[in-house]
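Chains A and B, in that order, are what the protein sequence lines are. If you count the first sequence from 1, you need to add 52 to reach the numbering used here. If you count the second sequence from 1, you need to add 8 to reach the numbering used here.
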Amino acid sequence: MPDIKPPAHGQDSPVSFPAWRGEGAKALFPLVAVAALVLIAWAGAGLPRLEPLFGIILPYGALLAFLFGMSWRVLSWTRSPVPFNITTTCGQQYSLPWIRSSRIENPHTRWGAAGRVVLEMLLFRSLLRNVRHEWVEGDREGAAPKLVFKSSPGLWLGALVFHYSLLLVLLHHARFFLDPVSGWVTGLEKLDAFFQLGSAAFYVSGVTLILALLYLLVRRWWLPWLRYLSLPADYFPLYLLLGVALTGGMMHYSTRANVPAAKDFCLGLARLRPAGLSGLGPLFYVHLTLACLLLAYVPFSKLAHMVSLPLSPTRNLPGAGRMTRHVNPWNAPVKTHPYAEYENEYRDKMRAAGIPLEKEIP
Amino acid sequence: MSEDAKPARPAKVPFAPSSRDWLEPTVKFAAGRWSYSAKPKSLRTLEFPNPRDWSPDQPDWKLPDNWKEIILQGLRERMDRFRSLRLFMDCCVRCGACADKCHYFIGTGDPKNMPVLRAELLRSVYRGEMTLAGRLLGRWAGGRRLTPEVLKEWFYYFYQCTECRRCSVFCPFGIDQAEITMLGRELLNLLGLNINWVMEPAAKCFTTGNHLGITPHGLKDNLEFFVDSIEEITGVRVNPSINRKGADVLFVAPSGDLLAEPGIFTLMGYLLVLHQSGLNYTWSSYASEGGNFGMFASHELMKGLNAKIYAEARRLGVKWILGGECGHMWRVAHQYMETMNGPADFLQEPISPITGTHFQNARTTRMVHIAEFTADLIQQGKLKLAPERNDRYRVTFHDSCNPARSMGLLEEPRYILRSTCRHFHEMPAETIREKTFCCGCGAGLGGEECMDLRMRGGIPRAEAVRSVREKYGVNLLSSICAIDRAVLPTLMDHWVPGVGVAGLHELVGNALVLDGEKERTINLRGEPLHEGET
Ligand code: HEM
Ligand code: SF4
Ligand code: SF4
């Protein structure tokens, strides 16, 4: 039996100097990148000759990149087949009639599986399950520490608040693209806006969006293991979104006079008759630029996760693997050891042991 | 047991990141954390590439010259064949929900044992070699080139994953590191980078029909030995047959149950239940293995080894197949077998001839788990049970990874336990059912040489057992997996001495009252029935 001493795991040779984990650089580099984008957009606002770039090429380009990029992404994923039914079952299987099966966490029908995916998308059930491990001191003096598990719904809450806030904020933008503004947009705004702040309606979703983003950011930096594994690509969208949300908020609460111009611009885009950005200040340029870049960035980054869940074979298939046939399109023949060969190799021994044979060759 | 008589307990295992960026490959192999390389002989038997003598701790791995091409080509092919892989390469948000779900991360604190980083080891190469951003921006896009050091790191960490799928339960997208490990090992196998604890059993299974290399006459001898033991204990002579045509059912068990304690007691339990139920069944020497170590090497090998079961069922003309207690065997049977080697149209939909129960859930694959079969017998009142014969045990139940997370066989064994034991206590909720913790030795990591890894990986399970031992005096850990029966005794002796390990059907065998049996005084282990009764 090995002598298991506590942390003795030099998983690589100790490098004393310089100990470069790159964590700070990985977090800062994308911030610098976003700051540079902000500056470029800000400067662009002062150069009327660049108006078509910001007002036409950027928004349409971003939309096209998003649409084509997403289609390409989904096609690239769906082009590969699902050779096996590899559901991760998270509940009792459907078996004997007197045992209650878990219809959602271990569905045995396509409908159940669809329900599992939909509920996962709406409620993030897997994240809700999260427990973190922790070593606590033993109950008595001298007792060994204990490994315990504590519920850890923070990420679930943060992610849920973030996604729903983002959804609401995006929906509010419909008022810029619709004329006349449809009833559901104003209805939604009424729901979201509890009270007025000065002349502007105060949107709860805007604030929760920023808080949730800050939470995700701080969490990523705060937890040592999460910081260790994070890549620049994990910070970048958070900064970008914060940039979009903050500039949006600043415009919403300070420079309301621009709203008609913004609406003209957006309507122009929607009607394919771009109206130009005259009358819109640098803040709008920044907001627009960051938002467009985010849109264009989605298909080529981890943000493509927005469509991956319904395609995920561990979640979207019924768990009852023995009930329905699952076909593998490339199921190729493999080397086997057929019974006839086996019997040839062991015939004498089998006969001596009185085991029935196919061929009685003496 | 007094506090000071307790063995060394795990002290808190802290998170121990490297002093370097994780994109720098780990090249030092810590003692006790890796398994010996496969012997060339096994690879030749299986016609696997690059059979040679080599050792992971030696600098020269004797790779073919075009190794890099082989791997990248292999990766591309697998991404075209498995949507899982393609999707999992792209959609992880690195939220970290899976991070401390892995028993190896909890037990070692090594960051690359976080499922997300284990996957990133492969993903970073995908990005660095196969995507534009990764090729242009390198590490700033999380990409890196495939170097011999990276390859070594893959080997080190893909053979520190037991393919237990616990991480996949907690991931918001269901990203399954077991799938990535399976395919990562498949890539390594293209270069002959494999471990002996996987390839030797697989090669034996290929030639003899089972992992342990038990020959047909050996099987016969072993079964006869159990028949004699059963007769001594119960006074009843059971009569198992081998390769018999005319049987209704083919019975397939993990071969581990034929050789070593405590698996052999489980096997005696099977023999007792099958005898008492009157099922017309046969063993097979050709398909004498339910487990499938091919699964830990490649999908092709898995298929080739698994093919024997249907082939034998067809040859013997049985109606359906019954399977014993084994973990990854049931992953294969439930999720791969029928797709790989079906359709099973030469069999019939399984119906228990004793109770008339139609096993709807197995209507296509036509293979029934013995826990389903026995639970049905008990529920239908077909078995007479004397649970007090298990009174010396205070039992808890370890859900084996595969039946739990790749099948959902949760209630059947619990129902059987409650019917056959009077003292049954569950471990904490975060450590059972779909959240169950691995024994720490699955997927071929059961070798003596990686004992440090095994004992560390087993810490979460051991800690959970310890908690019920302290609370309820639990002294028996039951489970439905042959690997469990082989490795948990070592784990218990190390962290929670005084707790034994048993298969489910051992307890059934103890409690089952046979027609015409003599009064039993000892259980299947030969221990007096009532000593130490609580
Ligand atoms: C299908 C269900 C979805 C799940 C389970 C999910 C899950 C998550 C999680 C866990 C994070 C947090 C990452 C972190 O810790 O930083 C996140 C971030 C994010 N998600 Fe989703 N998401 C889903 C759908 C969507 C959709 C539909 C959108 C598009 C509007 C979206 C856009 C984003 C963005 C922009 C971020 C923040 C940037 C980041 O942290 O990288 N997600 N998502
Ligand atoms: S839980 Fe899933 S998405 Fe989150 S880090 Fe782990 S694998 Fe990635
Ligand atoms: S499958 Fe199991 S062993 Fe492998 S990374 Fe996930 S939790 Fe760890």
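Glycine is no exception: its CB is placed at the ideal position from the N, C-alpha and C atoms. Since the model is a prediction, treat every value here as computed from it, not as a measurement.
query                                                                                                                                                                         : result
Do you know offhand how far Ser10(B)'s Cα is from Thr274(B)'s?                                                                                                                : Interpretation of Ser10(B) is limited by its pLDDT of 34, a score under 50 that renders its predicted location unreliable; the figure taken from the coordinates is listed afterwards. Their backbone Cα atoms lie some 32 Å apart in a straight line.
Can you give me the Cβ contacts of Asp353(B) inside the same chain, cut-off strictly under 6 Å, excluding the 5 residues immediately before and after it?                     : none
Could you check whether the Cβ of Val101(B) sits closer than 8 Å to any heavy atom belonging to ligand 1?                                                                     : yes
For Glu186(A) and Lys198(A), what's the separation of their Cα atoms in angstroms?                                                                                            : 8 Å
How would you label Asp61(B), buried or exposed, when you count the other beta carbons within 10 angstroms and need 16 or more for buried?                                    : exposed
Tell me which residues share the same chain as Asn288(B) and place their Cβ nearer than 6 Å to its Cβ, disregarding the 5 neighbours each side in the sequence.               : Ala255, Asp256
Looking at chain A, is there any beta carbon in it that lies within less than 9 Å of the beta carbon of Thr347(B)?                                                            : yes
With 16 as the cutoff for other CB atoms within 10 Å, does Asp460(B) come out buried or exposed?                                                                              : buried
Once DSSP output is grouped into helix, strand and coil, what is the label at His339(A)?                                                                                      : helix
Buried or exposed, going by whether 16 or more other CB atoms sit within 10 Å of the CB of Val170(A)?                                                                         : exposed
Excluding the 5 residues preceding and the 5 following Glu535(B) in the sequence, name in chain order all residues of the same chain whose CB lies nearer than 8 Å to its CB. : Arg400
By the DSSP assignment, the alpha helix (DSSP H) with Gly82(B) in it spans what residues?                                                                                     : 75–89
Taking the runs of the beta strand (DSSP E) that are 3 residues or longer, which of them lie wholly in the region 121–193 of chain A?                                         : 183–188
Could you check whether the Cβ of Lys354(A) sits closer than 9 Å to any Cβ belonging to chain B?                                                                              : yes
What residue range is occupied by the uninterrupted beta strand (DSSP E) comprising Lys390(B)?                                                                                : Taken as a continuous stretch (DSSP letters only), Lys390(B) belongs to no beta strand (DSSP E), as it is neither H nor E.
What's the gap between the Cα of Ala268(B) and the Cα of Phe163(B)?                                                                                                           : 30 Å
Can you tell which of Tyr423(B), Ser292(B), Pro505(B) has the C-alpha that lies nearest to the C-alpha of Gly226(B)?                                                          : Ser292(B)
Mind listing which residues of the region 160–192 of chain A have their C-beta closer than 8 Å to chain B's C-betas, in chain order?                                          : His160, Glu172, Phe176, Ser178, Leu179, Arg181, Asn182, Val183, Arg184, His185, Trp187, Arg192
Enumerate, from N- to C-terminal direction, the unbroken alpha helix (DSSP H) stretches of 4 or more residues contained entirely within the region 231–300 of chain B.        : 271–285
Could you please tell me which residues of the region 162–188 of chain B, in chain order, have their CB closer than 8 Å to any CB of chain A?                                 : Arg173, Ser176, Val177, Phe178, Cys179, Pro180, Phe181, Gly182, Ile183, Asp184, Glu187
At a threshold of 8 Å, does Ala186(B) count as lining ligand 3 (C-beta to nearest heavy atom)?                                                                                : yes
Here's the rule I'm using: 16 or more other beta-carbon atoms within 10 Å means buried, otherwise exposed. How should Leu99(A) be labelled?                                   : exposed
Taking Cβ-Cβ distances below 9 Å as the criterion, which residues of the region 392–406 of chain A are in contact with chain B?                                               : Tyr394, Glu395, Glu397, Tyr398, Lys401, Met402, Ala404, Ala405, Gly406
Taking the alpha helix (DSSP H) that Thr498(B) belongs to, which residues open and close that run?                                                                            : 490–503
Chain A partners of Tyr294(B), CB-CB under 7 Å?                                                                                                                               : Tyr391, Tyr394
What whole-angstrom Cβ distance do Cys447(B) and Arg469(B) have, given they're in contact under 8 Å?                                                                          : 6 Å
From the beta carbon of Asn58(B), is the nearest beta carbon of chain A less than 9 Å away?                                                                                   : no
Got a sec? Which residues, its chain only, sit under 6 Å from Lys57(A) by beta carbon, not counting five neighbours each side?                                                : The pLDDT assigned to Lys57(A) is 44, lower than 50, so where the model puts this residue is not dependable; a value taken from the coordinates is nonetheless given after this. Cβ neighbours of Lys57(A) beyond the five flanking positions: none.
For Lys198(A), which of helix, strand or coil comes out of DSSP?                                                                                                              : strand
Report the rounded CA-to-CA distance for Tyr146(A) versus Gly298(B), giving the unit in angstroms.                                                                            : 22 Å
Go ahead and pull the three-state DSSP assignment for Tyr255(A).                                                                                                              : strand
So does the region 164–174 of chain B actually touch the region 88–99 of chain B, counting three or more Cβ pairs closer than 8 Å?                                            : no
Is the Cβ of Met302(A) closer than 9 Å to any Cβ of chain B?                                                                                                                  : no
In chain order, what residues of the same chain have a beta carbon less than 7 Å from the beta carbon of Val340(B), not counting five sequence neighbours either side?        : Asn300, Met303, Met310, Asn314
Is the closest heavy atom of ligand 1 to the C-beta of Leu332(A) under 8 Å?                                                                                                   : no
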